[in-house]
Amino acid sequence: MPQVLKKKKAREDIFEKAQSLIPGGVNSPVRAFCAVGTDPVWIRKGKGPFLWDESGKKYLDFCGSWGPLLFGHAPQGLIDTLQEKLKEGTSFGAATRQEVELAQKIRNFFPSIEKVRMVSSGTEAVMSAVRLARGFTGREKIIKIEGGYHGHADSLLVKAGSGALTYGVPGSAGVPKDLAKLTLTLPFNDRKALEAVFKKEKGKIAALILEPVPANMGVVLPEEGYLYHAREWTRKDGALLILDEVITGFRVMPGGAQEYYGIKPDLTCLGKILGGGLPIAAFGGRAEIMDCLAPLGPVYQAGTLSGNPVAVASALWMLDRINAKRILLLNQRSRRFFDGIREILVRFRRPWQLNTSASMFTLFFTSEPVRDDRSARQSDTKKYARFFRKCLKEGLYLAPSQFEANFISTAHEDVHLEQALSAFRKVLKQF
Ligand SMILES: *Cc1c(COP(=O)(O)O)cnc(C)c1O
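Taking my numbering, the leading residue of the sequence shown gets 294, the next gets one more, and so forth.
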């Protein structure tokens with residue numbers, strides 16, 4: 294058999310075997326690539342801005358594990374740090390000094406976080422923050438944004454984005470109706486709708502949770518004054534404002550989107566970049582609220598692997614390297630790259646929307662501006678799927694869905710971004 298065919302056969306064999314053992318063959322639905330009409334890519338390794346699949350094909354990676362890899366794959370310093378750390382044990386289920394150090398560092402980045410608790414995933418951070426908000430306010434309803442994704446906790450799988458949006462499932466089977474009823478949803482950037490719900494539900498809302506820059510319906514920017522409006526209405530009503538900065542934290546600015554937009558939330562959720570690829574996340578905010586958590590208060594929250602020493606070591610390494618200068622340089626380089634993409638769109642007269650924030654971008658296949666979930670859904674997802682597959686062939690690994698962000702890391706140098714522009718030029722010319 295020719296080498297190429299043999300490799301293709303091997304790949305199909307893995308997928309077949311995977312499907313017989315794991316539902317859909319994957320451990321998280323978006324990895325199945327259903328939204329882009331192709332089989333999953335089986336990753337063997339990553340280094341810097343690159344990924345290699347099981348057949349040895351190399352890709353320039355713009356998915357970055359969905360956001361955590363601010364410094365690219367396997368930065369040498371991190372690998373060395375983790376190797377040393379592993380020798381001291383992988384879990385104690387007991388307090389360590391490094392957790393305190395990490396809490397202090399997080400607080401230095403996010404002045405709104407007076408106290409913080411570590412968990413193992415973004416889902417857990419958000420789920421805990423919502424429970425805490427309910428416990429603190431003694432209210433039960435929460436508000437989320439249509440197309441906003443906050444992990445897969447029951448209360449938040451209502452009009453969720455990301456994988457849930459891709460698959461067109463409004464919520465999920467298995468979420469009790471009585472619980473979902475407590476989750477109200479609003480279109481993003483709609484001040485009137487926000488105002489209306491706070492008037493109607495006066496005194497009943499525990500929290501409004503939102504991604505300050507939504508990235509799970511594709512990247513969407515908050516319009517002038519919108520976040521401020523959200524802050525004002527929650528404050529007036531005594532509801533908490535929870536900013537889900539699992540994606541935007543440490544990326545938009547070192548202190549997240551709240552630093553960039555000057556918004557002070559009551560609670561913040563962090564994840565992804567915090568662990569740099571290891572499973573750690575956190576939620577924190579005003580001390581008065583955080584002190585409602587057990588063992589001080591009545592809101593229960595716990596975790597066997599919370600504050601895991603290896604994950605904490607990774608987080609410390611990440612936060613030691615994140616600073617304004619690095620982020621601004623990355624954002625500048627990203628902006629040049631985005632200008633390059635816009636130039637190509639203009640040159641070939643493609644009316645598509647490139648939404649960008651800091652080092653994140655989404656190319657929406659629609660000619661109308663994308664400012665919320667409804668306008669994002671105007672995109673031609675079949676066209677996106679074709680674009681994705683052509684890019685993959687050219688060695689670009691983009692987010693495998695129209696409704697996701699692409700990420701640029703500090704390991705993406707100008708030469709890599711030039712390479713990506715050449716590939717885009719080639720692919721878009723044929724469209
Ligand atoms: C990824 C994500 C989550 C969930 O984090 P997991 O670690 O996947 O559980 C929550 N909120 C936002 C904004 C995210 O992008």
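Cβ atoms here follow ideal geometry from the backbone N, Cα and C, with glycine treated the same way.
On a predicted model such as this, the values are computed, not experimentally measured, just so you know.
- Here Tyr-352 is buried, its C-beta having at least 16 other C-beta atoms within 10 Å.
- Closer than 6 Å to some heavy atom of ligand 1: that does not describe the Cβ of Glu-711.
- Counting other Cβ atoms within 10 Å of its Cβ, Phe-724 stays below 16 and is therefore classed as exposed.
- Residue pairing by DSSP puts Cys-562 in a beta bridge opposite Asp-537, Phe-576.
- Shown here, Gly-357 sits in a helix according to DSSP, grouped into three states.
- With 16 or more other Cβ atoms from the protein chains shown falling within 10 Å of its own Cβ, Asn-648 counts as buried.
- Counting along the chain, Gly-428 sits inside the alpha helix (DSSP H) bounded by residues 415-430.
- For the stretch 582-624, the continuous alpha helix (DSSP H) assignments of 4+ residues that do not extend past its boundaries occur at 602-614, in sequence order.
- For the pair Phe-658 and Lys-722, the CB atoms are not nearer than the 7 Å cut-off.
- Here the stretch 523-542 makes contact with the stretch 492-507; the two share three or more CB pairs at distances below 8 Å.
- Judged by DSSP secondary structure, Ala-396 falls within the alpha helix (DSSP H) whose first and last residues are 390-402.
- Inter-residue distance for His-522 and Arg-484 is about 7 Å (C-alpha atoms, whole angstroms).
- Within the stretch 428-513, the runs of alpha helix (DSSP H) that reach at least 4 residues and sit entirely inside it are, in chain order, 455-459, 470-473, 484-493.
- For Ser-650, no alpha helix (DSSP H) run applies; the uninterrupted beta strand (DSSP E) run containing it begins and ends at 646-650, by DSSP.
- For Ile-372, the enclosing alpha helix (DSSP H) begins and ends at 369-379.
- In the displayed model, Val-409 falls within a strand according to three-state DSSP.
- With a cutoff of 6 Å, Val-539 counts as near ligand 1, since its C-beta is closer than that to a heavy atom of the ligand.
- Distances from the CB of His-443 to the heavy atoms of ligand 1 include at least one below 6 Å.
- Between Ala-575 and Val-409, the CB-CB gap stays under 7 Å.
- Ligand 1 never approaches Gly-577 closely enough for any of its heavy atoms to be under 6 Å from the residue's Cβ.
- Per DSSP, reduced to three states, the secondary structure at Trp-335 is coil, with no helix or strand assignment.
- Closest in C-alpha terms to Lys-676, from the list Gly-339, Phe-696, Asn-616, comes Phe-696.
- A residue is called buried when at least 16 other Cβ atoms come within 10 angstroms of its Cβ; Arg-544 meets this threshold and is buried.
- Within the DSSP secondary-structure output, Leu-689 pairs in a beta bridge with Leu-353.
- Relative to ligand 1, even the nearest heavy atom lies 6 Å or more away from the CB of Ser-448.
- Scanning its chain for C-beta atoms nearer than 7 Å, with the 5 sequence neighbours on each side dropped, one finds no residue around Arg-528.
- No Cβ-Cβ contact shorter than 7 Å links Val-512 with Thr-383.
- For the pair Ser-627 and Phe-680, the Cα-to-Cα distance works out to about 21 Å.
- Only residues of its own chain outside the window of five on either side were considered, and among them Lys-452, Thr-478, Pro-480, Asp-666 have a CB closer than 6 Å to the CB of Glu-439, listed in chain order.
- Note on Phe-385: under 16 other CB atoms within 10 angstroms of its CB, so exposed under the neighbour-count rule.
- DSSP places Asp-666 inside the alpha helix (DSSP H), whose first and last residues are 666-669.
- Counting along the chain, Phe-717 sits inside the alpha helix (DSSP H) bounded by residues 707-722.
- At a cut-off of 6 Å, the beta-carbon of Glu-504 counts as near ligand 1: some heavy atom of the ligand is closer than that.
- Comparing C-alpha distances from Pro-591 to each of Ala-508, Gly-431, Gly-633 shows the shortest one belongs to Gly-431.
- Across the set Leu-685, Arg-390, Asn-320, the C-alpha of Leu-685 shows the shortest separation from the C-alpha of Lys-350.
- Here the alpha carbon of Ala-604 sits roughly 29 Å from the alpha carbon of Tyr-554.
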